[in-house]
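*Asks:* Residue numbers (the UniProt record's numbering): 1 to 1127.
#1: Alpha helix (DSSP H) containing residue 717: first to last residue?
#2: Output the distance between the C-alpha atoms of residue 736 and residue 938, rounded to the nearest integer angstrom.
#3: Does DSSP classify residue 796 as helix, strand or coil?
#4: Answer with yes or no whether the minimum CB distance from residue 596 to chain D is below 7 Å.
#5: Counting only the same chain and skipping the five closest in sequence on each side, list residues whose C-beta sits under 8 Å from that of residue 344.
#6: Excluding the 5 residues flanking residue 432 on each side, which residues of the same chain have their C-beta closer than 7 Å to its C-beta?
#7: Which residue comes first and which comes last in the beta strand (DSSP E) that contains residue 390?
#8: Tell me the rounded alpha-carbon separation between residue 859 and residue 664.
#9: Measure the alpha-carbon distance for residue 471 versus residue 945 and round it to whole angstroms.
#10: Looking at residue 595 and residue 454, is the spacing between their C-beta atoms short of 7 Å?
#11: Confirm, please, whether the CB-CB distance from residue 985 to residue 1060 is below 7 Å.
#12: Report the option in 769, 941 and 1032 whose CA atom is closest to the CA atom of residue 682.
#13: Three-state secondary structure (DSSP) at residue 810?
#14: Nearest-angstrom Cα distance between residue 363 and residue 883?
#15: Quick one: what's got a C-beta closer than 6 Å to residue 827's C-beta in the same chain, skipping five residues either side?
#16: Output the distance between the C-alpha atoms of residue 202 and residue 498, rounded to the nearest integer angstrom.
#17: Looking at the secondary structure, which residues open and close the alpha helix (DSSP H) in which residue 668 lies?
#18: Between the alpha carbons of residue 862 and residue 273, how many angstroms are there, rounded?
#19: What are the start and end residues of the beta strand (DSSP E) that includes residue 523?
#20: With 16 other CB atoms within 10 Å as the buried threshold, where does residue 847 fall?
#21: Does the count of Cβ pairs from the region 1018–1029 and the region 541–552 closer than 8 Å reach three?
#22: DSSP state of residue 347, grouped into three classes?
#23: For residue 449, report the span of its beta strand (DSSP E) as first-last.
#24: With 16 other CB atoms within 10 Å as the buried threshold, where does residue 318 fall?
#25: Is the separation between the beta-carbon of residue 943 and that of residue 1109 shorter than 7 Å?
#26: Go through its chain and collect everything with a Cβ distance to residue 508's Cβ below 6 Å, but skip five positions before and after it.
#27: Distance check for residue 357 and residue 426, CA to CA, integer angstroms please.
#28: Below 7 Å between beta carbons: does that hold for residue 564 and residue 1033?
#29: So, is residue 1020 buried or exposed, given that buried needs 16 or more other C-beta atoms within 10 angstroms?
#30: Keeping to the same chain, check which residues put their C-beta closer than 7 Å to that of residue 787; ignore five residues upstream and five downstream.
#31: How do the region 372–384 and the region 488–502 stand: do at least 3 beta-carbon pairs fall below 8 Å, yes or no?
#32: Measuring CB to CB, does residue 487 end up less than 7 Å from residue 523?
#33: With residue 1039 as the anchor, note down where its beta strand (DSSP E) starts and where it stops.
#34: Which ranges would you report for the alpha helix (DSSP H) in the region 724–775 if only whole runs of at least 4 residues count?
#35: Distance, Cα to Cα, residue 929 vs residue 684?
#36: Taking only the alpha-carbon atoms, compute the straight-line gap between residue 478 and residue 876 and give it to the nearest angstrom.
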């Protein structure tokens, strides 16, 4: 559940022994009623009922079942070690506390010492305490950060980046320097960015370069210095009570540098600097320091217990020294294999402090399953509101059934990971810096660690399982709607966790080796080092991954088209997304140095885009949309509609609507209509018919607004084109931000996008008023003028009327216009149709106060390609537009919403599901069908009608001979051809590629290009993403190449379908999915060519049915065709 406070709040005590104010205390190793005392150099537990230093989780009267089966002791903490580490660790008794304060500055320590009043506690939800300061509730403010993926522990070979180790030797010994070697790369002034609200992140961000250099100089002077006596004598602590562990977010006085625990080594931990400036390009010895049980925690006034350290813990390291029995000659002096701890047996931590941990208690979780990942010792879990897969030792789950079962977990979530430069790094120096530090840069995997696993309460588990049919015998009220939304959001987090598993956090310094220009924009290619010993995981660089190209003067967004291993390098082909670069030539990018990195979006932003700020409306009983939501999730079906029997036909713009299409308007005209599903076959003109009906409806209902939305920008643009095709008489606008519009290809931009439409509308009004002195200057005209001037579309000198010039001059005085841009736009343009993607529509109507206040004006919400809309998208649409009817436009026999394959089924169902198809098949909402196909040749329409639509479809006449095949010198007796390519596939993670099949596809496209006519289009649609990436690299960029799943809703004259596999085709559910086959065969307007292994396909049940409908003349062998005889 989304709560204001979702973590335990630590007790805030002062440290009277040291005179410092602590930021929380938690003893992680003693059971209740025990006091820990010092033994020799380790800790033992002795009973003492007076111990009250611990802050434990509040428990119910009946203790939950724990994994260790004990009577109160918690299971061992997860030390996320490598598979070869057999170290056992001691068990903590409590989950470590966390304090997270939503304030603009680090809190005053006097508040925690009782100077400004005591810290009070009041009960929160489910027994969780809510800390209050002066009766003010403390908010959770730390957004989760995710890990980097299961392979990222393996560092990248650095020799290939900066040459052999002989070229990167450090001087002997390291020299003391007055300034940091990278000082020229950093800005001297304070950052203009607002500091993070989270004290932990603020502490990390504030580490100064000068302090790092001081630490480097101090440690350099210690290399040759003789070892002194132990600073903290263990004997002084023997028999004394062990103080509670205290955590901090305040940098201690003096010298302290941030390090992070990254690898366990027996009873010790290896720490690496959080910022790469500590190692820089001259101190390989600082890559690792060792934390041991003799390291002293100066805030808690005790020795560190390494068994209670988690991977990802961050420390202020105040002092280090040489280990005993080490000589200066053993210091690591070069960067060869710098990432291996075995080369770093020199430095140990003498004094340190632990930064505050983020621990989420009692989060709902589910195992990712037996087949997920390659770690044999750790069990992966998807955890509610944790955007990375979390891990727990399998040894602690022996004898328990936890697969496909809901559990509750306490999870520690690291707040950062090593390798990020200081915030003061100048943008123009990014390339130089990453070239300097490349030799010591690796990708760290710092995953969340599950501390305890509990059995979930049966009622809670039952509620989560019931989401697809949640409202069966359940009342709809604010509480149930909030629970429903929270559960759906959990399913979204599971999807995000899988995405972050594939995230590559490494920054790659490189240069552009090739640049070209295509119809879709600028293409650039770079090489990344990827030797056999340190291969780049191509699964993390799949087609469609968003990347940033950090040039010296700017950062450009791009999209990965393909990533292919070639020798000891990966050739990365990217397409620049920003449309502003279309005017630049490829020569401006050639040979430019850059840093290539994957963009890691803010998980909280992704959640907002997915589910929005979905809150139940105030009028639940009177909500039209919520009645639809209830019916789609288990309640009684909506009543059927009485459509008039009299046929309706009319001409809309350039389109003549059929009687079948006219039924859409008839349904919209029925006042009792709450929802309707337009279940239609491919190519039936559904979008055009719907826009014609909506426009005709809006002409009669002039106060009603209608939203036309879809999951993709491609579908949104198609809707805008259909609107103009049917006349476009009703004013409309496409909701999209200027930033997002600039990232889109030109083909996905329209003249009706808000960033270009409002200046045009404002300018037309201004020119009309400014040119006629008799025209009254209204507040709307004043606001339009001021916005035009403020945004640079109009200059003062271009204004003729004095009253308007006076308005413009107010802009220079920074006085806000009386109306916002949106208010002015609505007043002038008066749009009643709002187009956009689901995410864009939700964002505008939630963030813009004017639109948010007018949400009740929305009377129709049309969802195009509804079969692909997931549950998490429907919920905010239903909540945000309570007075709106729902019109679902889709095909229940085509592809369902996309979901990550590795997400457990139960999590898929609650977050994504298949709401449209399930509702149509179960008859939960009224449905009408469109069965006349206008796209495909008659033979293909008849084939899919027989196989998938119960012979209900009608369409165009048979197309024999097939003109496009005749021109290509192919058999033309049927518009669907199979060309057998009996070649073996290559597995790439969960995907597949087939080089011979890809070559055949390129040959077909080249043959088509020889004879294609102007305006003809062709596409290569691959069943598998890896094959699509391979073809994209080999194919001209002007030809569409994508997966079948990504192409639903598109159409082309010629379609080439790639099945890619020769082995196990018969048992492959993915390849035999009828909805996927249906989509692949129905994208063509003239002809479709399927490439695959004929023998393998004929042994697969669904493909056997397809091939059984083809004449023998349409089944060809690639070996006998001249088209494939060359290359």
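All C-beta atoms, glycine included, are put in the ideal place defined by N, C-alpha and C.
*Replies:* Here's the rundown:
#1: Run containing residue 717: 713–725, per the alpha helix (DSSP H) assignment.
#2: A straight line joining the alpha-carbon of residue 736 with that of residue 938 spans about 39 Å.
#3: Collapsing the DSSP output to three states places residue 796 in a helix.
#4: Note that chain D does not occur in the displayed structure, where there is just one protein chain.
#5: Closer than 8 Å at Cβ, skipping near neighbours: 270, 285, 287, 288, 289, 290 and 332.
#6: Same-chain partners within the cutoff: 185.
#7: 390–393 is the span of the beta strand (DSSP E), which, as asked, contains residue 390.
#8: A direct Cα-to-Cα measurement between residue 859 and residue 664 gives close to 15 Å.
#9: Here the alpha carbons of residue 945 and residue 471 stand approximately 35 Å from one another.
#10: For residue 454 and residue 595, no; Cβs fall outside 7 Å.
#11: A contact, by the Cβ cut-off of 7 Å.
#12: Looking at the Cα atoms, 941 is the closest of the given residues.
#13: For residue 810, the secondary structure class from DSSP, reduced to helix, strand or coil, is helix.
#14: Each residue's alpha carbon lies about 35 Å from the other.
#15: Cβ within range, chain order: 780.
#16: If you take the alpha carbons of residue 202 and residue 498, they lie about 28 Å apart.
#17: Its alpha helix (DSSP H) spans residues 659–669.
#18: Cα to Cα, the separation comes out at about 53 Å.
#19: Element bounds for residue 523: 521–529.
#20: Burial call: exposed.
#21: Contact between the region 1018–1029 and the region 541–552 is present, because at least three Cβ pairs lie under 8 Å.
#22: Here residue 347 sits in strand by DSSP.
#23: Bounds of the beta strand (DSSP E) holding residue 449 are 449–455.
#24: Residue 318 is buried by the Cβ-count criterion.
#25: Note that the C-beta distance between residue 943 and residue 1109 is below 7 Å.
#26: The answer, listed in chain order, is 528 and 596.
#27: Residue 426 and residue 357 have their C-alpha atoms roughly 30 Å apart.
#28: With respect to the 7 Å criterion, residue 564 and residue 1033 are classified as neighbours on the basis of their beta carbons.
#29: Buried, since its Cβ has 16 or more Cβ neighbours within 10 Å.
#30: Sequence-distant partners of residue 787 (beyond 5 residues in either direction) whose C-beta falls short of 7 Å from its own C-beta, in its chain, are 762, 817, 821 and 824.
#31: With the rule of 3 Cβ pairs closer than 8 Å, the region 372–384 counts as touching the region 488–502.
#32: The answer is no: Cβ separation not under 7 Å.
#33: Here residue 1039 belongs to no beta strand (DSSP E), and DSSP marks it neither H nor E.
#34: The qualifying runs are 738–743 and 754–770.
#35: Those two C-alpha atoms are separated by around 10 Å.
#36: When rounded, the distance between both Cα atoms is 14 Å.
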